[in-house]
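J.: Protein chains in written order, with this note's numbering: chain A, 2 to 268; chain B, 13 to 258. All C-beta atoms in this analysis are idealised placements derived from N, C-alpha and C, irrespective of residue type, glycine included. Computed from a predicted structure; not experimentally measured.
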């Protein structure tokens, strides 16, 4: 390779990166448009929707709850360490409750489910794509969007808030256990701290976020899965892309939603 | 049907002006080496791929220009057999075959079961209704996929490598079946293959795709008698000649 072509390549690499990003964004929007158009038809496929809700919701429950339990536990340990000698322990429940329902519950649930469900959606649809099952579906006059994408996106969008509610409860319970059994904080102190400054809108803001996270996870899984090409390797690449894109978007959208909800809507 | 179709996939210009007309009720086999774009050409006919240039017409309809609804109606009249069968892993064999019927017709459930059984019987499969595609052999998968493609009694059938990977006996069964469907039911069929035995068996005309164009076309007898060095090399399966090994 001579010098000019290396230069050209360096010139083009970031350029192409941006173009690819824009193209992906555009294609995702087209997919979302298709999902909205096929929504009524897709919802009539109730067994498919229920099947996905089971797989995504019930299937993710054990993992989500274990993660939540330890999230709450570690939050209690860290908070008590920070509070020591400065902040009365009655605020332990307050800070755990708020941090869990606003941030930790929705975001950690989304990241864990994003890894689990996003990967499985991408791998499943990717395999269907490379083994021509998606093509077969289209030639049979069955819309893959209606049959495959809508049930997954709807199921994930509905189930993530549900998972988050359970995760919130278990995480607070984890914090409670640590506080009562290892930190010398009485159960009464913890629960009254929990009630102090408790606002229902905090819980709702967390659930609104998880609603968006569910849509992100399933859309990324479907998009990269359906786009995969080139056999087993392609499916692997699609799966990685789906998980990476979900996690990045979850954190970015988390920031945007937090700014909107707490600075504009609830300000 | 296909007029001057050009298609670029990635950096490669796969189809470079393909012209091919298939008459109603005719059976045309497209032969050619792996990677010459035979499957790509087939996918143009069902509108899975749109041409960069040129026209694809089926029953006088311009396929790439069809609306979603029109394309759906056209596809209901077509069946396609994919290379690996492309059965849906998550459904049983009977559910796979019955899917087009359940999606596109208002036939009662008991009737669907009967039709599914009938189609499976037609391709020589019995007692596999409740099995999953993953527990079937390659040949059985292909036959089940053929039963599914035939579920809606299509007028046009497209076969992508119908006999590749099958043992000679199953391959012959599939060949006879394709021929019978075309002769008795008047189904127009386009098959893509590099299995010459199969090509001679099912074709009214054989077309050879080479370098992105139809290089030669004729009846099996004409192709067998062809003096063209590329055609000769291909049908004789020789490594020596104008076609280089890839």
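1) If you measure from the beta carbon of residue 166(B) to each beta carbon in chain A, is any gap under 8 Å?
2) Roughly how many angstroms lie between the CA atoms of residue 186(A) and residue 80(A), to the nearest whole one?
3) Within the continuous beta strand (DSSP E) that includes residue 68(B), where are the two ends?
4) Assuming the contact rule is C-beta atoms closer than 8 Å, residue 215(A) and residue 161(A) should be a hit. Round their C-beta distance to whole Å, please.
5) Whole angstroms is fine: what's the gap from residue 157(B)'s alpha carbon to residue 225(A)'s?
6) In chain order, what residues of the same chain have a beta carbon less than 7 Å from the beta carbon of residue 2(A), not counting five sequence neighbours either side?
7) Which of the three DSSP states, helix, strand or coil, is assigned to residue 179(B)?
8) Report yes or no: do three or more beta-carbon pairs, one from the segment 54–68 of chain A and one from the segment 110–122 of chain A, lie closer than 8 Å?
9) Can you find a CB in chain B that lies within less than 8 Å of the CB of residue 14(A)?
10) Beta strand (DSSP E) containing residue 172(B): first to last residue?
11) So, is the C-beta of residue 136(A) closer than 8 Å to a C-beta in chain B?
12) Considering Cα atoms alone, identify which of 178(B), 147(B), 170(B) and 127(B) is closest to residue 164(B).
13) Under 9 Å, CB to CB, which of the residues in the segment 76–90 of chain B have a partner in chain A?
14) Suppose you measure from the CA of residue 239(A) to the CA of residue 14(A); what does that come to, to the nearest Å?
15) Measure the alpha-carbon distance for residue 226(B) versus residue 83(B) and round it to whole angstroms.
16) Curious, which full-length alpha helix (DSSP H) runs of at least 4 residues does the segment 203–230 of chain B contain?
17) Bridge partners of residue 92(B), per DSSP?
18) Tell me, which residues are paired with residue 255(A) by DSSP?
19) Would you decide whether residue 213(A) is buried or exposed? Buried here means 16 or more other CB atoms lie within 10 Å of its CB.
20) Just to confirm, is the Cβ distance from residue 92(B) to residue 140(A) under 8 Å?
21) Going by other Cβ atoms of all chains shown within 10 Å of its Cβ, with 16 needed for buried, is residue 168(A) buried or exposed?
22) Using the Cα positions of residue 33(B) and residue 76(B), report the straight-line distance between them to the nearest angstrom.
23) With a Cβ-Cβ cutoff of 8 Å, do residue 110(A) and residue 197(A) count as a contact?
24) What residue range is occupied by the uninterrupted beta strand (DSSP E) comprising residue 28(B)?
25) Tell me the rounded alpha-carbon separation between residue 44(A) and residue 85(B).
26) Sort out for me which residues DSSP pairs residue 42(B) with in a bridge.
27) Helix, strand or coil for residue 101(B) per DSSP?
28) Report yes or no: is there a C-beta of chain A within less than 8 Å of the C-beta of residue 26(B)?
29) What is the C-beta distance between residue 178(B) and residue 139(B), in whole angstroms, given that I count them as a contact (C-beta under 8 Å)?
30) Flag residue 115(B) as yes if its beta-carbon sits less than 8 Å from any beta-carbon of chain A, otherwise no.
31) From residue 261(B) to residue 214(B), what does the alpha carbon distance come to, in whole angstroms?
32) If we cut at 8 Å on Cβ distances, does residue 141(A) have a partner in chain B?
33) Listing by chain order, which chain B residues have their CB less than 8 Å from the CB of residue 133(A)?
34) Under 9 Å between beta-carbons, which chain A residues line up against residue 60(B)? List them in chain order, please.
35) Only counting the same chain, and skipping five residues up and downstream in sequence, which positions put a Cβ closer than 8 Å to that of residue 70(B)?
36) Could you please give the first and the last residue of the uninterrupted alpha helix (DSSP H) stretch that includes residue 144(B)?
T.: So, to answer that:
1) Mapped onto the second chain, residue 166(B) falls at position 154. Cβ-Cβ to chain A under 8 Å: no for residue 166(B).
2) Working through the first chain from its first residue, we reach residue 186(A) at position 185. Working through the first chain from its first residue, we reach residue 80(A) at position 79. Residue 186(A) and residue 80(A) have their C-alpha atoms spaced approximately 12 Å apart.
3) Along the second chain, read from residue 1 onward, the residue named residue 68(B) stands at position 56. Annotation for residue 68(B): the continuous beta strand (DSSP E) segment containing it runs 65–70.
4) Start at 1 with the first residue of the first chain, and residue 215(A) comes out as number 214. Start at 1 with the first residue of the first chain, and residue 161(A) comes out as number 160. Your pair residue 215(A) and residue 161(A) checks out as a contact, with CB atoms roughly 3 Å apart and the cut at 8 Å.
5) Position 145 of the second chain, counting from 1, holds the residue named residue 157(B). Position 224 of the first chain, counting from 1, holds the residue named residue 225(A). In this structure, the straight-line span from the alpha carbon of residue 157(B) to that of residue 225(A) is close to 26 Å.
6) Taking the first chain and counting its residues from 1, one reaches residue 2(A) at position 1. Model confidence at residue 2(A) stands at a pLDDT of 43, short of 50, so the residue's coordinates are unreliable; what they give is reported in the following sentence. Setting aside the 5 residues that flank it on each side, residue 2(A) has no residue in the same chain whose C-beta is closer than 7 Å to its C-beta.
7) Your numbering for residue 179(B) matches position 167 in the second chain. Coil.
8) Result yes; three or more Cβ-Cβ pairs closer than 8 Å.
9) Within the first chain, residue 14(A) is the residue found at index 13, counting from 1. It does not: the Cβ of residue 14(A) has no partner Cβ on chain B nearer than 8 Å.
10) Sequence index remark: in the second chain, residue 172(B) carries index 160 (1-based). 168–172 is the span of the beta strand (DSSP E), which, as asked, contains residue 172(B).
11) The residue given as residue 136(A) occupies position 135 in the first chain. Judged by the 8 Å Cβ criterion, residue 136(A) is in contact with chain B.
12) Working through the second chain from its first residue, we reach residue 164(B) at position 152. That would be 127(B), whose Cα lies nearest to the Cα of residue 164(B).
13) Correct list: 80, 83, 84, 85, 86, 87, 88 and 90.
14) The count along the first chain starts at 1 and reaches residue 239(A) at position 238. The count along the first chain starts at 1 and reaches residue 14(A) at position 13. About 21 Å.
15) Position 214 of the second chain, counted from the first residue, corresponds to residue 226(B). Position 71 of the second chain, counted from the first residue, corresponds to residue 83(B). It is roughly 26 Å from the alpha-carbon of residue 226(B) to the alpha-carbon of residue 83(B).
16) Those alpha helix (DSSP H) runs which fall completely within the segment 203–230 of chain B and span 4+ residues are 208–214.
17) Within the second chain, numbered from 1, the residue matching residue 92(B) stands at position 80. According to DSSP, residue 92(B) shares a beta bridge with 170(B).
18) Counting from one through the first chain, the residue named residue 255(A) turns up at place 254. Residue 255(A) pairs with nothing; no bridge assigned.
19) Reading the first chain from its first residue, position 212 is the one you call residue 213(A). Burial call: buried.
20) Locating residue 92(B) in the second chain gives position 80, where the first residue counts as 1. Locating residue 140(A) in the first chain gives position 139, where the first residue counts as 1. Less than 8 Å separates the beta-carbon of residue 92(B) from that of residue 140(A).
21) Taking the first residue of the first chain as position 1, residue 168(A) is located at position 167. With 16 or more Cβ atoms within 10 Å of its Cβ, residue 168(A) is classed as buried.
22) To locate residue 33(B), count along the second chain from 1; it is residue 21. To locate residue 76(B), count along the second chain from 1; it is residue 64. Answer to the nearest angstrom: the Cα atoms are 17 Å apart.
23) Reading the first chain from its first residue, position 109 is the one you call residue 110(A). Reading the first chain from its first residue, position 196 is the one you call residue 197(A). Cβ atoms of residue 110(A) and residue 197(A): not closer than 8 Å.
24) What you label residue 28(B) is simply residue 16 of the second chain in a count that begins at 1. Looking at the DSSP string, the run of the beta strand (DSSP E) that includes residue 28(B) is 24–32.
25) Within the first chain, numbered from 1, the residue matching residue 44(A) stands at position 43. Within the second chain, numbered from 1, the residue matching residue 85(B) stands at position 73. The straight-line gap from Cα to Cα measures roughly 22 Å.
26) Here residue 42(B) refers to the residue found at position 30 of the second chain. Listed as beta-bridge partners of residue 42(B) by DSSP are 204(B) and 219(B).
27) One-based indexing of the second chain puts residue 101(B) at position 89. In the structure shown, residue 101(B) sits in coil (DSSP, three-state: anything other than H, G, I, E or B).
28) Here the question's residue 26(B) lines up with position 14 in the second chain. No, its Cβ sits nowhere closer than 8 Å to a Cβ of chain A.
29) Against the second chain, residue 178(B) aligns to sequence position 166. Against the second chain, residue 139(B) aligns to sequence position 127. Taking 8 Å as the upper bound for CB-CB distance, residue 178(B) and residue 139(B) are not in contact here, some 20 Å apart.
30) Taking the first residue of the second chain as 1, we reach residue 115(B) at position 103. Answer yes: the Cβ-Cβ gap between residue 115(B) and chain A drops below 8 Å somewhere.
31) With chain B running from 13 to 258 in the structure shown, residue 261(B) is simply not present.
32) Position 140 of the first chain, counted from the start, is the residue given in the question as residue 141(A). Yes, its Cβ sits closer than 8 Å to a Cβ of chain B.
33) As a working note, residue 133(A) is residue 132 in the first chain. Neighbours of residue 133(A) across chain B, judged by C-beta separation under 8 Å: 94, 95, 96 and 98.
34) Position 48 of the second chain, counted from the start, is the residue given in the question as residue 60(B). 136, 139 and 140, listed in chain order.
35) Here residue 70(B) corresponds to residue number 58 of the second chain, with the count starting at 1. Same-chain partners within the cutoff: 13, 57, 86, 90 and 168.
36) Numbered from 1 along the second chain, position 132 holds the residue referred to as residue 144(B). Counting along the chain, residue 144(B) falls outside any alpha helix (DSSP H), and DSSP gives it neither H nor E.
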